[in-house]
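If you count the sequence shown from 1, you need to add 9 to reach our numbering. C-beta: ideal position from N, C-alpha, C; glycine also. Owing to the predicted nature of the structure, the values given are computational and were not obtained by experimental measurement. Single-structure report; data block below.
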Amino acid sequence: MIITIDGPAAAGKGTLALALSKHYHLAYFDTGMIYRAVGLEMVLKGYIPEDEEQALKIAQNMTFERMMSLSTHPDFRSDIGGQAASKVSAISSVRQALLKMQQDFSLNPVFADGTKANGAIYDGRDTGTVVCPNADLKFFVTASLEVRAQRRFREFQAKSIKTSYQKVLEDMMTRDKRDSERAAAPLKPAPDAIVVDTSDMDEQTEIQTVINLIEERLKKNHTKNH
Ligand code: C5P
């Protein structure tokens with residue numbers, strides 16, 4: 010079973026994807042990590058993220074191991090990493106270079122320890138539209154800008170990352186705009202995605218709501234096939 014979860018930053022995709030991967034015993038692919046890895050590598054090498062030639066080179070040479078190593082850098086999850094990821098991810102050739110690696114995972118999904126899984130949960134922006142257009146189930150998880158900025162601000166505070174709510178809100182607005190207005194795979198729900206607005210939901214309500222939707226869909230498919 011392949012499930013895709015797309016949506017804007019801090020909408021609740023990561024928490025949901027992790028909970029679903031545990032509940033249904035599916036591998037989890039956080040596709041934002043590869044764009045963050047390419048973006049951060051650009052920053053660390055002193056290139057501007059918009060430099061297509063360098064970004065493409067880095068994307069073509071990106072490996073799972075390098076991505077995991079970059080993920081321990083303090084700026085991997087900070088706004089610096091987020092903005093750099095958003096900029097490199099707007100470059101078509103970079104997206105193309107990173108597509109196969111993402112699609113291959115659905116053919117051979119594995120858990121973090123390398124053991125085989127019977128399917129995968131994808132978390133990203135275009136996983137239901139571009140990466141896995143034939144996924145069994147697609148969700149588009151969203152929430153109001155203010156709620157998402159509040160969540161991200163609290164996450165940063167918990168990690169002792171120095172910032173202000175206003176800065177987080179502004180960065181999120183810039184990233185949302187870039188992600189949804191770019192020509193290459195703009196952020197939008199797949200036509201067959203179920204849209205879930207988590208603005209008024211806590212984590213447990215969000216997870217239970219989506220599990221109920223999955224169960225309903227699985228029951229429907231079972232009835233259709235018998
Ligand atoms: O999900 P996360 O915030 O880690 O993603 C970082 C950035 O990577 C996003 O703002 C977006 O620009 C880009 N991204 C993307 N396509 C994906 C996942 C992430 O363009 N499938």
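Nonlocal neighbours in the same chain, by C-beta distance under 6 Å from residue i, ignoring five residues either side
i, result
"S208", "A152, S153 and V156"
"L29", "I130"
"V52", "A93"
"A13", "The sequence given here has Thr at residue 13, not Ala. So the list reads Y131, T136, G137, C141, A144 and K147, once near-sequence residues are dropped."
"Q111", "T40 and V140"
"A19", "R157, R160 and R161"
"E61", "I100"
"K22", "I14, G16, D132 and V150"
"P58", "G48, M51, A93, K96 and V97"
"L107", "I43 and A68"
"E212", "T24"
"S178", "Residue 178 is actually Leu in this sequence, not Ser. For L178, where only same-chain residues beyond five positions count, the Cβ hits under 6 Å are A158."
"F165", "T172"
"Y56", "Q63"
Interface flag, residue i vs chain B, CB-CB below 7 Å
i, result
"T72", "No chain B is part of this structure, which consists of one protein chain only."
Beta-ladder partner(s) of residue i, from DSSP
i, result
"Y131", "T13 and F38"
"V119", "K125"
"F148", "I14 and I203"
Close Cβ partners of residue i (< 8 Å) along its chain, the five nearest in sequence each way excluded
i, result
"D84", "L49, V52 and G90"
"A126", "H34, L35, A36, P118, V119 and F120"
Neighbourhood of residue i by C-beta distance below 7 Å, restricted to the same chain and skipping five residues each side
i, result
"H82", "L49"
"R184", "A18, G91, Q92 and S95"
"V103", "V47, A64, L65, A68 and V97"
"D206", "T151 and A152"
Distance cut-off 6 Å: residue i Cβ against heavy atoms of ligand 2
i, result
"A19", "Absent from the structure shown: ligand 2. Ligands present: ligand 1."
Legend entry - Lining residues of ligand 1 - beta-carbon closer than 6 Å to any non-hydrogen atom, in sequence order: A18, T40, G41, Y44, R45, G91, A94, S95, S98, G133, R134, D135, T136, R184 and D188
Legend entry - Inter-stretch contact (C-beta, 8 Å, three-pair minimum) for the segment 189-199 and the segment 127-147: yes
Inset, instruction - Take every Cβ of the segment 219-229, pair it with every Cβ of the segment 170-190, and state whether three or more of those distances are shorter than 8 Å. - result: no
Legend entry - Every unbroken beta strand (DSSP E) inside the segment 168-218 [3 residues or more]: 203-206
Inset, instruction - For the segment 87-103 and the segment 177-191, state whether three or more C-beta atom pairs, one from each stretch, are separated by less than 8 Å. - result: These segments touch.
Inset, instruction - Please go through the segment 32-82 and give each complete beta strand (DSSP E) segment of 3 or more residues, from N-terminal end onward. - result: 36-39
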